Amino acid sequence: MKILLVPILAGLVCGTGLRAATAEAAPAVDLRIDALVRGLADESFRVREQSTKELWKLGEAALPALRGVADSADPEQAIRAHDLVRKIQLHITPDTDPSVISLVENYGTASLAEKASLLGKMRGKRAWRQMLKLYAAETDAELREKLRPMMGAVAQKAARERLMLGDGPGAREFLEMAPADPANLLALAEFHRSHGTLAAELERAAAEKGPKAAAWRMALQRAAANPAAARDEAFAAGEDQIAVAMAALAGDPLPFLREIQTKGEESSAAASYAAIVARHWRGQKVRQADLEPLLRMLSGRDPDERGGALNALFLLGELEAAEPVFAKTQPLTAFRHFEALERIPEALRALGLDPAAPDYKSWVELRFTRLQAEDVGEQTEVSNDAEELVALANFLERRRMHAELGEAFGAPLAAMAEKDINVFVDFLSKLFGGRETLSGAPGLAKKTGIAWAGDDDKRWDEVVVAAFGDDDESRNWWQWLADIKPEAGRAERLDAMLAISGIGPDPGGLRGIWLERLWQAVAAAEPNQHAALLERIHQLAAETGDVTTCLKAWDQMPPESREKVFWGLQIVHLSAAERWDEAAEVILKQIATIIEARQEPTADLHAYAAAALRIAGRHEQAVEHDRWVELLALGSAETAIRVGNGYAFGLDYRRAAEWWARAAIQAQPESEEFALAMKLHSDALLEQEKWPETAATSELIAAIYAGSDYQWANQLPLMRQRLQADMARSLARLASDRSGSLATLARCHRTFASDGSLADFFFPALRKAGLLKEHDAWFLDSWNRIEAVIARYPDCDNTRNTAAWFAARAVRKLDAAEQHLRRALAANPNQPAYLDTMAEIQFARGKRAKAIEWSLRAVNFAPEDTLLRRQHERFRSAPIPH
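Take the sequence shown: its letter number 625 is residue 625 in this note's numbering, and every next letter is one higher.
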């Protein structure tokens with residue numbers, strides 16, 4: 001430590017000497033400036049020109065003297081002084097790009113439309129300071145408002161560039177030049193936070209008065225993550241929308257709900273919804289009269305109004321009012337809705353089938369008849385017949401009702417093939433459904449396609465196109481499989497290609513058998529073919545979600561082949577395989593590439609680097625990248641969301657939650673990212689079991705959904721938002737209102753009694769709250785309901801997985817759960833959700849190592865699934881459930 005003392009003292013001595021010398025030199029400098037200013041009025045043109053150039057070089061030091069003669073009686077001196085003052089204020093130096101100087105000079109005489117264009121051109125020249133100075137001097141209010149978003153972005157970009165160069169004061173100067181709106185004030189406040197001056201700035205700002213001072217304190221309190229104080233300052237500043245959002249983050253959604261009622265039309269669904277939820281939040285009973293406005297809209301003729309009312313009722317959990325109308329107006333969507341909840345009779349009824357004795361054959365024949373009439377132009381109304389047919393085929397195939405499926409679809413498909421091949425092939429493509437097995441009926445499509453194609457080469461080409469697409473890559477795969485096993489018939493090749501493409505279940509393990517053949521073919525191929533074959537395998541494995549196969553190809557690929565792979569895909573696969581050091585190197589290389597291109601790496605990229613480096617054991621490097629994250633984020637909610645995602649990528653969920661919390665408090669209520677930021681934060685609060693905060697933010701999100709024009713293709717997210725809000729509110733109020741809380745929890749259970757999403761947090765939360773009696777009764781009720789569905793559809797692997805998931809999360813009936821899941825995995829061995837459920841069962845048994853093993857398999861087949869990655873980290877680090 002003593003060694004450092006000498007240069008520090010030397011620096012102090014040198015610094016003192018420099019100050020003394022500067023003080024002595026100051027009069028000489030002043031005298032020189034005065035002489036140069038006088039030179040602006042000299043009789044000699046050469047002297048006037050030289051004085052102008054010297055004063056321009058001196059810059060801001062010459063400003064006081066130049067301002068003093070800007071109104072000189074000598075017109076030459078006044079004009080030159082005025083011109084120099086303007087150039088120096090605009091940071092135009094003798095070294096400035098002449099094209100920038102030209103743009104700035106033209107701005108002074110330009111029209112309003114031309115000014116916006118000139119500023120756009122300056123932006124292309126990175127003339128940040130000139131743009132901000134011109135904006136500050138602009139007097140046209142309309143133009144200032146139009147340019148405000150761009151100027152804020154310019155100031156923040158310029159600040160980030162200065163920060164990358166280690167110039168904190170320069171960065172602050174740019175941020176202080178930005179328009180003083182909430183977003184830009186927040187960026188400046190975040191600068192203070194990241195530089196350790198936030199507390200001092202809060203203390204300094206405390207004594208200031210007026211709305212502008214309140215707006216600045218609001219920004220500082222948001223940066224300090226103090227929503228309650230930010231709420232008060234926002235109200236004082238007249239920023240009511242921000243204030244009510246801060247109130248919700250502080251635990252009270254009522255101001256946000258009142259704002260919706262005040263701003264919205266009294267007759268709107270959103271306003272009615274807000275009024276009802278406000279009663280619900282205050283613990284008041286929701287009366288039938290409260291629902292009447294929504295019920296009137298529901299029966300009205302306006303489809304937009306009806307849709308808004310329907311969304312509101314689902315968000316309220318008023319299913320008795322919403323579901324009958326839903327089933328009548330959107331039968332196909334309702335069918336999917338009821339089936340997801342394992343309410344099969346209602347699902348069938350929505351499609352017009354009798355649940356007690358469904359006549360699938362007649363139902364299918366009717367729709368095939370209408371479908372073909374539509375294709376030949378005999379039917380004028382557009383129908384959902386094709387979608388409904390595929391949905392029913394999907395239902396029957398997943399429920400393993402193969403006899404009913406064949407009886408209903410066999411003859412109509414054959415007739416369609418005879419009547420119009422193009423229509424048939426198009427429908428066959430819909431049945432294959434692609435990788436997402438829930439979207440089609442690939443088993444039926446395969447059986448139908450094989451029977452139709454027979455030994456006809458052209459028909460087989462049509463089947464391959466229907467299953468895999470009309471592209472060279474699919475045709476290359478089809479031919480390669482024939483080359484690998486020449487004796488294989490086309491039906492066997494179709495089976496193989498479906499299996500390796502991840503289309504449909506693979507109970508026989510055909511995928512593994514053919515992958516082994518592929519690797520043998522690569523090994524036997526000529527060296528000049530290796531790269532192309534490895535790229536082919538890598539691409540398919542990446543598309544189908546198989547990290548092991550993907551990286552096996554990657555490890556053998558030459559560097560030029562690796563370069564073709566998007567770096568983001570590389571880190572997804574490397575991290576899924578827990579090759580964190582390599583993932584970190586890929587990210588660091590990307591950062592270096594961006595810097596070499598004279599761009600600044602975004603804060604979230606540094607978050608990805610920090611997370612990967614930390615889990616790889618490179619802690620000092622991780623801390624350095626954490627520092628860059630803090631410096632570069634600058635109060636952008638969009639950036640904070642991405643930063644949170646970056647830390648979550650590296651399994652650092654503590655930091656991820658912190659950044660999502662920042663995103664929530666930083667998001668401007670009118671911005672696109674507001675709802676997403678709130679949702680991410682609320683979900684993190686739910687996981688942390690912070691019930692009051694979860695309840696308040698959940699209500700805010702539900703209110704946003706109620707006021708949205710978004711057309712929901714699925715009502716389950718709305719219902720699950722109500723579940724989250726009510727469960728959290730009940731647990732928060734359990735001590736003060738036990739009977740009311742238990743009644744609400746019972747309603748939560750009834751609504752989702754056989755839906756797997758209930759088990760995600762419901763049963764663990766009940767156990768932690770000590771509600772073991774209710775926990776066991778509600779679990780048993782759910783178990784019995786799902787068992788009844790299994791008895792009706794014993795070969796439906798998805799329902800067995802749901803039963804196993806309920807049991808695992810409830811830590812009950814684990815032996816029966818494992819039996820269910822082993823049957824599900826036998827039918828669909830690589831299904832990521834099933835593998836994750838097996839991991840959950842092992843975790844519930846206290847077998848952490850086994851849970852991690854199964855979880856890794858789940859992540860292997862769905863490496864981009866963030867929930868599976870979160871589960872994997874939970875199995876590694878969370879306490880064993882009990």
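Think of the CB as a built atom: it goes at the ideal place given N, C-alpha and C, for glycine as much as any other residue.
Predicted model only: the values in this text are computed from it and were never measured.
inquiry  = So residue 642 and residue 683 are supposed to be a Cβ contact under 8 Å. How far apart are they, rounded?
reply    = That pair is no contact at about 16 Å.
Three or more C-beta pairs below 8 Å linking the segment 444 to 452 and the segment 469 to 483 = no
message = Could you compute how far the alpha carbon of residue 355 sits from the alpha carbon of residue 313?
response = 26 Å
query = Taking the C-alpha atoms as reference points, what is the distance between residue 159 and residue 805?
reply = 50 Å
key: Option in 594, 579, 600, 713 with minimal Cα separation from residue 616   = 579
Spatial distance of residue 385 from residue 767 (CA atoms) = 47 Å
task = With a 10 Å radius around its C-beta and 16 neighbouring C-beta atoms as the bar for buried, classify residue 710 as buried or exposed.
result = exposed
query = What does a CB cutoff of less than 7 Å around residue 155 pick up in its chain, not counting 5 residues either side in sequence?
reply = 132, 174, 175, 177, 178, 184
ask   = What is the rounded straight-line gap between the Cα of residue 555 and the Cα of residue 546?
value = 14 Å
request  = Look at the alpha carbon of residue 233 and the alpha carbon of residue 244, and state the distance between them as a whole number of angstroms.
outcome  = 11 Å
key: Minimum C-alpha distance to residue 224 - residue among 115, 191, 209   = 191
Classification of residue 623 by the beta-carbon crowding that lies within 10 angstroms, buried from 16 upward = exposed
query = Taking Cβ positions, are residue 759 and residue 782 nearer each other than 9 Å?
reply = yes
ask   = To the nearest whole angstrom, what separates the beta carbons of residue 104 and residue 119, a pair I think is in contact under 8 Å?
value = Not a contact, Cβ separation roughly 10 Å.
task = Please confirm whether residue 651 and residue 812 have their CB atoms less than 9 Å apart.
result = no
Short Cβ contact (9 Å threshold) for residue 61 with residue 37 = no
Extent of the continuous alpha helix (DSSP H) to which residue 566 belongs = Unbroken run through residue 566: none, as it is neither H nor E.
Sub-9 Å separation of residue 852 and residue 807 beta-carbons = no
inquiry  = Short of 6 Å in beta carbon distance, which residues of its chain neighbour residue 439, apart from the five on each side in sequence? Order them along the chain.
reply    = 433
Rounded straight-line distance, which links the Cα of residue 287 to that of residue 241 = 29 Å
task = For the segment 628 to 659, list the beta strand (DSSP E) runs that are entirely contained and at least 3 residues long, ordered along the chain.
result = none
key: Residue nearest to residue 569 in terms of C-alpha spacing, selected from 833, 542, 253, 549   = 542
ask   = Less than 9 Å separating the beta-carbons of residue 630 and residue 644?
value = no
task = Determine, using beta carbons only, whether residue 810 comes closer than 9 Å to chain C.
result = Reference to chain C is not applicable here, since this structure consists of a single protein chain.
request  = Could you tell me whether the segment 416 to 431 touches the segment 460 to 470, using the rule of 3 or more Cβ pairs below 8 Å?
outcome  = yes
key: For residue 848, the first and last residue of its enclosing alpha helix (DSSP H)   = 848 to 861
Segment contact, 8 Å Cβ cut-off, at least three pairs: the segment 529 to 542 with the segment 561 to 577 = yes
task = Inspect the CB distances between the segment 794 to 805 and the segment 830 to 848 and report whether three or more fall short of 8 Å.
result = yes
ask   = Which term fits residue 282, buried or exposed, when burial requires 16 or more other beta carbons within 10 angstroms of its beta carbon?
value = exposed
ask   = Span of the alpha helix (DSSP H) holding residue 784?
value = 772 to 792
key: Uninterrupted alpha helix (DSSP H) stretches inside the segment 120 to 178 (no shorter than 4 residues)   = 128 to 137, 141 to 164, 168 to 177
ask   = Can you find at least 3 beta carbon pairs, one from the segment 365 to 372 and one from the segment 727 to 747, that sit closer than 8 Å?
value = no
query = Closest by CA to residue 762, which one among 729, 735, 740?
reply = 729
ask   = Taking just the CA atoms, how far does residue 170 sit from residue 714?
value = 50 Å
task = Would you tell me roughly how many angstroms separate the C-alpha atoms of residue 413 and residue 448, rounded to the nearest one?
result = 8 Å
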